[in-house]
Amino acid sequence: MSGIDAEHNEIIFEIEVANLLHSMTTTNDNFVHLKLVRKDVDLQPVRMWNMFNPPNIGSPSVSVYMPTLKTLQKMITSIKIMGAKHELRANTKGELKMDAVLEQAKINVYINDLSNLTTTVATGTSGNTNEAPAQFHVVRLNLKQFHNFFNLIPYTFNKILMRIFDNRVVNFIINEADCQLIFYMGGLNVD
Amino acid sequence: MADDRDHMMYIAKENAKEIHQVLKSMKFKEYCTFKACRDGIQFVVDDHNFQQANAYLKTEIFSELDVRVDEVRLRVPMNILAECFNVFSGASTALRLTYDGPGEPLVVSLEDEGIVFKCSIMCQNPQHHHKMYDFEWKNENVLAKVILKPNKAKEIVRDLDKTSPTVRITVTDGHISFLTDGELGKIKSMIPAHSDQVEHMEACRERVTFSYRYNLIHRMETAFLASSKISLRIDNRGVMSTQFLIPRTDSKNIFIEFFTIAEVEWDDG
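As you go down the protein sequences, you meet chains A and B in turn. So for the first sequence, the numbering used here puts the first residue at -4; every next one is plus one. So for the second sequence, the numbering used here puts the first residue at -9; every next one is plus one.
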């Protein structure tokens, strides 16, 4: 049957997000029981499964934990309301800078003392093992996507790891007891 | 925050959130005029036709205020300015406002829990744009004066019929009323003079009544919600001055004042 891989004990299926969300929010129970019925979901054929693998993008240039979610959400929302383009810079000293440019203003945010998970051998595709800790790795982001993602995270998920990949991609990882959420964002081209 | 303090203007304040509350109450045009002198700072928003809002923050409100010229006057994009003060939610956000002269940005710096937010805003010279309207307000021309607590007044303003083009405000010695005439028909809301919401009510004529465009009254709704006391005065031209007292933890007050021009004058006869 397409969509089912007995060897890896996996089933990949597609479902409308709105339906899933609606069914989750109409229950007051803490546990949800999911029953797969073929007519309600679209099983994805095995030949398409590669599309759903995490992208192979090498090792991150820098990995730091973001500041508290509540503070971050408010700040990103305010910057978005101002109508800005956004740039994130982080280094292995636990410093994070967020810069945004508007038609009539520029914004600089500086945060330090972040928990830093970057390994001492963070080569990635840059191959630079002699990189100074103070060197910033940059990724330029679509602020709307950045805001949408952070705005949806409940406050209970407070520890968010950010990893910048060689100035091209950033991903955010949230680890909870029973699940892991990974969000990839491609960087915008540098002008 | 490290700062060399060598600026044309340097202003510091603890609790930047108060300024957001003020700007939110007068955010009805794209630009505001920011004025700073040794007496304090002022924000002015003007639609150049019917209404002007002024907020006054005196020197005593700030932990430091150093203005090295007679006056700094800048035309600032309101959306950006107001949102800067909303970046952090805490009441312990420290603020620095600096300016170094023509061609330089107005720099708003905020710090909260070790995070530093800095916004450099390119401003315009307000003299190159419309002149600020002088309402030539004279206290001796005041026909009606009412001082109210906000509880009932803010509900009345919030619930005004949106389909009515105007709101007719009437003041007598016995009451203040707000009359609309829209798709829902004629609706009158009244606060009698003996109400505990009224601290003072006085009319120099038997009946002082003027109409104001609904949207001009609606612009003041946020100020009504934020205030702890409202003073409403109408002069012989129908110009209405509405002053809102914004509550603070100490006794040093912040005022927002709206001047609104009347639509039509009603005769007593």
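Built from N, CA and C at the ideal position, the CB exists for glycine as well. Remember, it's a predicted structure, so these values are computed and weren't measured experimentally.
Residue of the options minimising C-alpha distance to residue i
i	options	result
I295 of chain B	B:A81, B:F78 and B:E192	Limits of chain B in this structure are -9 at one end and 259 at the other, which puts residue 295 of chain B out of reach.
L55 of chain B	B:I31, B:I70 and B:H190	B:I31
D292 of chain B	B:Q41, B:A26 and B:A72	In this structure chain B extends from -9 to 259, so residue 292 of chain B is not present and cannot be described.
M16 of chain B	B:S221, B:A216 and B:T239	B:A216
Q140 of chain A	A:P149, A:H81, A:E2 and A:I106	A:H81
V262 of chain B	B:Y0, B:C113 and B:V35	Shown here, chain B extends from -9 to 259; a query on residue 262 of chain B therefore has no answer.
D102 of chain B	A:R42, A:M93, A:P40 and A:M70	A:M70
T170 of chain B	B:G228, B:T153 and B:D37	B:T153
L91 of chain A	A:L97, A:L64, A:S58 and A:S73	A:S58
P116 of chain B	B:G164, B:V66, B:K3 and B:G80	B:V66
N162 of chain A	A:S54, A:P128 and A:F144	A:S54
T151 of chain A	A:W44, A:K34, A:K65 and A:I7	A:K65
N129 of chain B	B:F18, B:Q41, B:N226 and B:E94	B:N226
E284 of chain B	B:E50, B:E20 and B:Q41	The question about residue 284 of chain B has no answer, for chain B in this structure spans -9 to 259.
R86 of chain B	B:D163, B:N243, B:E4 and B:F33	B:E4
M(-2) of chain B	B:P92, B:K14, B:D37 and B:A81	B:P92
L176 of chain A	A:F144, A:F160 and A:L183	A:F144
Contact belief for residue i with residue j at Cβ below 8 Å, rounded distance in angstroms
i	j	result
H132 of chain A	A85 of chain A	6 Å
I70 of chain B	C22 of chain B	I70 of chain B to C22 of chain B, Cβ: 10 Å. No contact.
F200 of chain B	I159 of chain B	6 Å
T156 of chain B	R203 of chain B	6 Å
I74 of chain A	L138 of chain A	7 Å
E50 of chain B	K242 of chain B	5 Å
Residue i versus residue j - alpha carbon distance
i	j	result
L136 of chain A	V164 of chain A	9 Å
Y46 of chain B	F245 of chain B	6 Å
L29 of chain A	R158 of chain A	33 Å
T118 of chain A	L156 of chain A	A caution first: T118 of chain A carries a pLDDT of 39, below 50, which makes its placement in the model too unreliable to give a value.
N146 of chain A	M180 of chain A	15 Å
S185 of chain B	K139 of chain B	10 Å
E189 of chain B	D29 of chain B	30 Å
K154 of chain A	I181 of chain B	53 Å
V229 of chain B	I1 of chain B	34 Å
H10 of chain B	I251 of chain B	26 Å
R209 of chain B	N111 of chain A	48 Å
F178 of chain A	D124 of chain B	55 Å
H165 of chain B	R195 of chain B	13 Å
S114 of chain B	R63 of chain B	For the record, residue 114 of chain B in the displayed sequence is Gln; it is not Ser. Looking at the two C-alpha atoms, the distance is approximately 9 Å.
A213 of chain B	R238 of chain B	14 Å
Y60 of chain A	L109 of chain A	6 Å
M68 of chain B	S218 of chain B	24 Å
M43 of chain A	A127 of chain A	42 Å
I169 of chain A	V147 of chain B	46 Å
G122 of chain A	K34 of chain A	Interpretation of G122 of chain A is limited by its pLDDT of 42, a score under 50 that renders its predicted location unreliable; the figure taken from the coordinates is listed afterwards. Cα to Cα, G122 of chain A sits roughly 49 Å from K34 of chain A.
Within 9 Å, strictly: CB atoms of residue i and residue j
i	j	result
L222 of chain B	K142 of chain B	no
I111 of chain B	V98 of chain B	yes
V161 of chain B	I224 of chain B	yes
F234 of chain B	F248 of chain B	yes
M46 of chain A	E73 of chain B	no
I105 of chain B	P62 of chain A	yes
L83 of chain B	K7 of chain B	Before going further, note that residue 83 of chain B is Thr rather than Leu in the sequence given. Yes, the Cβ-Cβ distance between T83 of chain B and K7 of chain B is below 9 Å.
D163 of chain B	A183 of chain B	yes
A79 of chain A	L67 of chain A	no
D94 of chain A	K101 of chain A	yes
A43 of chain B	F75 of chain B	no
Q. What are the start and end residues of each continuous beta strand (DSSP E) run of 3 or more residues lying completely inside the segment 62 to 110 of chain B, in chain order?
A. Counting only runs that start and end inside the segment 62 to 110 of chain B, the beta strand (DSSP E) elements of at least 3 residues fall at 62 to 67, 84 to 89 and 96 to 102.
Q: Please go through the segment 95 to 173 of chain A and give each complete alpha helix (DSSP H) segment of 4 or more residues, from N-terminal end onward.
A: Counting only runs of 4 or more residues that sit fully inside the segment 95 to 173 of chain A, the alpha helix (DSSP H) segments are 138 to 147, in chain order.
**Q.** Whole alpha helix (DSSP H) elements within the segment 183 to 255 of chain B, 4-residue minimum
**A.** The segment 183 to 255 of chain B is shown to contain whole alpha helix (DSSP H) runs of 4 or more residues at 204 to 208 and 211 to 216, in chain order.
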